[in-house]
Amino acid sequence: MTVKELINKLAVSHSLTAQEYRFLLDERSKDDEEYLKELAVAARKDIYGSAVFVRGLIEIGNYCKNDCYYCGIRRSNRSCDRYRLLPEQITECAKQGYSLGFRTFVLQGGEDPFYSDGLLCDVIKEIKKLFPDCAVTLSLGERSRESFLALFEAGADRYLLRHETASKELYNKLHPEGMSFDNRMNCLKELRSIGYQVGAGFMVGSPYQTNAELALDLKFIEDFKPDMCGIGPFIPHKDTPFASFRAGTLKDTCFLLSVIRLIYPSILLPATTALGTIHPRGRELGILSGANVVMPNLSPVTVRKKYELYDNKICTGEESAECRSCLEMRMKSVGYEIVTDRGDIKK
Ligand code: SAH
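Numbering follows our numbering, in which position 121 of the sequence shown is assigned residue number 121; successive positions increment by one, without gaps.
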């Protein structure tokens, strides 16, 4: 089969074998990429029209007990200036966000025992009490089933936990001993069984990654069907063991966004900040490849620079309102409209 025939097959059956995904990645031409993009945009338009969902990202803290080789807030990075937002500060961000029209808040941070179940449950309940029409999403790494359950019962609706890679072998090259591929995958299954809407995802162009591994990621997305899939280019951070590796590319990330859109047409697919970091119009180009979510930053400006997962991260200087209107303008410039409801997946 030619690449084009495989693309047609994917658009109809939403499934390929891992070998076929790999062939697609290895052999695609520029024309194939354009063709795939057209089908992906059409599939997304059928379901979501020209709507782009927004999520307000609140980076609650950068202390982390983990030591992922790629990540700027890893435990061993002594140059990282650590901070923690207190419960009042987190609700303050949500209040600001609400007045700017956000109806989904994503609380993201490093794995930090300071954020106990008790503390987080109180924050979640407070936000849900103030804003019952909003969704609360957590992105706080791996926790126990009991913890996931307590947070869900407190009102959390969604949980983002990128699987990072569907290859155990690659996982072990990106993480030190003591971190477990099986545990991460297991967390995703627990989250789903508890009733969360679940987000998975992976980095594109991370060190040692090949198309064979990306094919496994695609197969994983096809099988697991997460409600959301966060993908963005790997970008080196100067104070990590991966400082001298090259960043992933716009071209590869956009191609994968289109493939994922065809695998699961109604999936929520963010055009990430990392994509906006490697190219000045990265997020717009992500939307034009099939993405339908953007996640502007709502963190207090005083801490923004400190949540530095990778070098040169964008949007660290602006106030939340500026981020919101900047993205609104960017989306308009490519013919899309930011909508301010909860932005649930249309199944
Ligand atoms: N501690 C939470 C949140 C992690 S930060 C957790 O474990 O899920 C969110 C995502 O940023 C990570 O899942 C990772 O895929 C991405 N990330 C981290 N370092 C990065 C880098 N150097 N380049 C690009 N993305 C990175």
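Every residue gets a Cβ at the ideal spot worked out from N, C-alpha and C, and that includes glycine.
Bear in mind the structure is a predicted one, so any value in this text is a computation, not a measurement.
According to the neighbour-count rule (16 or more other Cβ atoms, all chains shown, within 10 Å of its Cβ), is residue i buried or exposed?
i	result
S289	buried
E59	buried
F114	exposed
L132	Strictly speaking, residue 132 in this sequence is Pro, with Leu absent from that position. P132 comes out exposed.
G118	exposed
P226	buried
D182	exposed
L298	buried
S333	exposed
S99	exposed
G232	buried
T17	exposed
R78	exposed
L86	exposed
K168	exposed
V204	buried
For residue i and residue j, what's the separation of their Cα atoms in angstroms?
i	j	result
T302	I90	13 angstroms
K305	T316	5 angstroms
E308	G201	19 angstroms
E359	R75	It is not possible to answer for residue 359, since the shown part of the chain is limited to 1 through 347.
M383	D81	Residue 383 cannot be examined here, being either before or after the span of the chain that is shown, 1 to 347.
I314	E27	33 angstroms
E164	Y310	15 angstroms
L161	E111	12 angstroms
E20	M1	9 angstroms
P241	D46	44 angstroms
F148	G155	11 angstroms
I267	D122	30 angstroms
N66	M179	8 angstroms
R130	V3	A small correction: the amino acid at residue 130 is Leu; Arg does not occupy that position in the sequence shown. So the alpha carbons of these two residues sit roughly 51 angstroms apart.
R330	G343	19 angstroms
L138	I124	10 angstroms
N62	C326	25 angstroms
P176	Y69	7 angstroms
L365	T273	This structure cannot speak to residue 365, because the chain is shown only from 1 to 347.
Do residue i and the ligand SAH come close, with the Cβ less than 7 angstroms from some heavy atom?
i	result
G110	yes
S99	no
I47	no
A243	no
C80	no
S139	yes
I235	yes
E213	no
M179	no
L309	yes
E34	no
A271	no
A274	yes
R304	no
C326	no
R84	no
Assuming residue i contacts residue j under a Cβ cut-off of 8 angstroms, what Cβ separation, rounded to an integer in Å, is found between them?
i	j	result
F102	V136	Not confirmed; about 11 angstroms, so no contact.
R44	N292	6 angstroms
G199	G230	6 angstroms
T408	L275	A query on residue 408 cannot be resolved here, the shown segment of the chain reaching from 1 to 347 and no further.
Determine, using beta carbons only, whether residue i comes closer than 8 angstroms to chain C.
i	result
G201	Of the protein chains in this structure there is only one, and it is not chain C.
Closer than 8 angstroms is the cut-off here; do at least three beta carbon pairs connect the region 34-42 with the region 248-268?
When C-beta atoms of the region 34-42 are compared with those of the region 248-268, three or more pairs fall below 8 angstroms, so the two segments count as touching.
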